[in-house]
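Chemist: In order, the protein sequence lines correspond to chains A and B.
Its first residue numbered 1, the first sequence is counted upward by one per residue in the numbering used here.
Its first residue numbered 1001, the second sequence is counted upward by one per residue in the numbering used here.
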Amino acid sequence: MGWLRTIIDECVGLFVDDVRFAGAILSWVILAGVALPRLGLPGFMPAVVLFAGLLAILVEGAVHKARK
Amino acid sequence: MMTLDWGHAGPTVLAAFLASLVEFIEALTVVLAVGAVRGWKGALGGAGLALLVLLAIVVVLGPTLAAIPIDVVQLGVGTLLLLFGMRWLRKAILRAAGVIPLHDEAALFEKEVATLRGLARVTQGWDRVAVTTAFQITMVEGIEVVFIVIAMGAAGGGLLVPASLGAIAALVLVVALGLVLHRPVSSIPENTLKFTVGILLSSFGTFWIGEGAGLAWPGADWSLLGLVAGFLGVALATVSRCRVRHVVEGV
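(1) Tell me the residue span of the alpha helix (DSSP H) that contains residue 1256 of chain B.
(2) Given a limit of 7 angstroms on CB to CB distance, which residues of the stretch 1190 to 1221 of chain B reach chain A?
(3) Can you pull the chain B neighbours of residue 40 of chain A, defined as C-beta to C-beta under 7 angstroms?
(4) Tell me the residue span of the alpha helix (DSSP H) that contains residue 57 of chain A.
(5) When you compare only the Cα positions, how much space is there between residue 10 of chain A and residue 1050 of chain B?
(6) I need the straight-line Cα distance from residue 53 of chain A to residue 1233 of chain B, nearest angstrom please.
(7) Mind checking if residue 35 of chain A is an interface residue toward chain B, Cβ cutoff 8 angstroms exclusive?
(8) Am I right that residue 1134 of chain B and residue 1022 of chain B are in contact with their C-beta atoms under 8 angstroms? What's the rounded C-beta distance?
(9) Look up residue 1001 of chain B in the DSSP assignment and say whether it is helix, strand or coil.
(10) Who are the neighbours of residue 23 of chain A on chain B, taking C-beta pairs under 7 angstroms?
(11) In the DSSP assignment, find the alpha helix (DSSP H) that holds residue 30 of chain A and state where it starts and stops.
(12) Among residues of its own chain, excluding the 5 on either side of residue 1020 of chain B, which ones have a beta-carbon nearer than 6 angstroms to its beta-carbon?
(13) Helix, strand or coil for residue 1222 of chain B? Go by DSSP, reduced to three states.
(14) Quick check on this structure: which residue in B:1212, B:1161 and B:1140 has the alpha carbon closest to the alpha carbon of residue 1046 of chain B?
(15) Look at residue 1137 of chain B and residue 1053 of chain B and say whether their C-beta atoms are less than 8 angstroms apart.
(16) I'd like to check one pair, residue 1087 of chain B with residue 15 of chain A: are the Cβ atoms closer than 8 angstroms?
(17) Quick one: using the 10 Å Cβ neighbour count with 16 as the cut-off for buried, is residue 1185 of chain B buried or exposed?
(18) Just to confirm, are residue 1217 of chain B and residue 21 of chain A a CB contact at a threshold of 8 angstroms?
(19) Under a Cβ-count criterion, where at least 16 other Cβ atoms within 10 Å of its own Cβ denotes burial, should residue 1159 of chain B be classed as buried or exposed?
(20) Assign residue 1117 of chain B to one of two classes, buried (16 or more other C-beta atoms within 10 Å of its C-beta) or exposed (fewer than that).
(21) Between the Cα of residue 1235 of chain B and those of A:57, A:68 and A:67, spot the shortest distance and give me the residue it belongs to.
(22) I need the boundaries of the alpha helix (DSSP H) containing residue 1076 of chain B, first residue and last residue.
(23) Have a look at B:1082, B:1128, B:1113 and B:1130 and flag the residue whose alpha-carbon is nearest the alpha-carbon of residue 1147 of chain B.
(24) Take the Cβ of residue 1074 of chain B as the centre, count every other Cβ of all protein chains shown within 10 Å, and call the residue buried at 16 or more, exposed below.
(25) Quick one: is residue 1086 of chain B near chain A, going by C-beta distance under 8 angstroms?
(26) Which residues, taken in chain order from the stretch 1108 to 1123 of chain B, show a beta carbon closer than 8 angstroms to some beta carbon of chain A?
(27) Check distances from the C-beta atoms of the stretch 51 to 63 of chain A to those of chain B and list, in chain order, the residues that come in under 7 angstroms.
(28) Taking the CB atoms as reference points, tell me whether residue 49 of chain A and residue 1238 of chain B lie closer together than 8 angstroms.
(29) Have a look at residue 1106 of chain B and residue 1215 of chain B and give me their C-alpha separation to the nearest angstrom.
(30) Restricting to runs no shorter than 3 residues, where is the beta strand (DSSP E) found entirely within the stretch 1119 to 1164 of chain B?
(31) Taking only three categories from DSSP, how would you classify residue 1216 of chain B?
(32) Is residue 1043 of chain B near residue 1130 of chain B, with beta carbons less than 8 angstroms apart?
(33) Using a beta-carbon distance cut-off of less than 8 angstroms, what residues from the stretch 1135 to 1150 of chain B approach chain A?
(34) Residue 1234 of chain B versus chain A: which residues are under 7 angstroms apart at the beta carbon?
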């Protein structure tokens, strides 16, 4: 059943290879999904804030890894 | 008869095609090694069996997801797609910056050949090592293709067929390359492909999360282009930043 274990590990690894990075994405998505629609920001601002947060996570995640 | 808006489906087909191309090339490397060392019967048998299992997963899961409300699917699948896409994109940025080494198909092929040569041979019947190795690598790489096809198909709203067509086109291309070359496809710029796919999947994931959460995007579907441009610009700038930081701190 070693192959089954490998496939299960691979399935989890599809989304998470760095818990810190995946955790940051997930936390931001949950926070943005819950808070942004309730903040009363005008027009497209909530979507722009969601996107800007994800870009910031990408940059920080890559730079942090490069520094290690 | 159902008609398809290819302007809407095109990006889905492209993303599924490119992502599948990367995965199938990685699987081809190992299947070629298995075929060359252990024989083609076991290599093709294992790979074929895995493809049938993967096809069954798409056939069962694809329509099931279509029965769930679209905003729930967009939130759930969008989040998974974002985790998947940003993981790929970050890794592609780090490879482009020289922080982690590039994927080397030729070296992987040689390593696999050496490992397989060291295992006991079977003279008649099915070679279990060959079947298992080919099955495992096709499943491992193919499960990523299945996820992308189902995610792109379901969250895009009835785009399972176009997404599947993109993946099948990639499979046909890789099989054809394997038949012609008989060696790993190492000349394809794999990291550039992963960079592109990471940007596309991250953009789709972001868009669908916004849609699922009820956020308004400027220009509706056209905002996908803006998301792609944003991810591309920031990713390229991050490559430069990581390269400088890596060189400076590595000295």
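Ideal Cβ placement from N, Cα and C applies to all residues, glycine included.
Modeler: So, to answer that:
(1) In this structure chain B extends from 1001 to 1251, so residue 1256 of chain B is not present and cannot be described.
(2) 1206, 1209, 1210, 1213, 1214, 1215, 1216, 1217 and 1218
(3) Here the premise fails: no neighbours, minimum Cβ distance about 13 angstroms.
(4) 45 to 67 is the extent of the alpha helix (DSSP H) around residue 57 of chain A.
(5) 15 angstroms
(6) 15 angstroms
(7) no
(8) That belief does not hold up - the Cβ atoms of residue 1134 of chain B and residue 1022 of chain B are roughly 19 angstroms apart, past 8 angstroms.
(9) Confidence at residue 1001 of chain B is low in this model, with a pLDDT of 42, below 50, so its placement is unreliable and no value can be given for it.
(10) Counting only Cβ-Cβ distances below 7 angstroms, residue 23 of chain A has no contacts in chain B at all, with the closest Cβ about 10 angstroms away.
(11) Taken as a continuous stretch (DSSP letters only), the alpha helix (DSSP H) holding residue 30 of chain A covers 19 to 35.
(12) 1145, 1167 and 1170
(13) Here DSSP, grouped into helix, strand and coil, assigns residue 1222 of chain B to helix.
(14) B:1140
(15) No Cβ-Cβ contact shorter than 8 angstroms links residue 1137 of chain B with residue 1053 of chain B.
(16) Closer than 8 angstroms, so yes.
(17) buried
(18) Not closer than 8 angstroms, so no.
(19) buried
(20) exposed
(21) A:57
(22) 1070 to 1096
(23) B:1082
(24) buried
(25) yes
(26) none
(27) Contact residues of the stretch 51 to 63 of chain A toward chain B are 51, 54, 55, 58, 59, 61, 62 and 63 (C-beta to C-beta distance below 7 angstroms).
(28) no
(29) 46 angstroms
(30) Fully enclosed beta strand (DSSP E) runs of 3 or longer: not present.
(31) coil
(32) yes
(33) 1135, 1136, 1139, 1140, 1143, 1144 and 1147
(34) 55, 58 and 59
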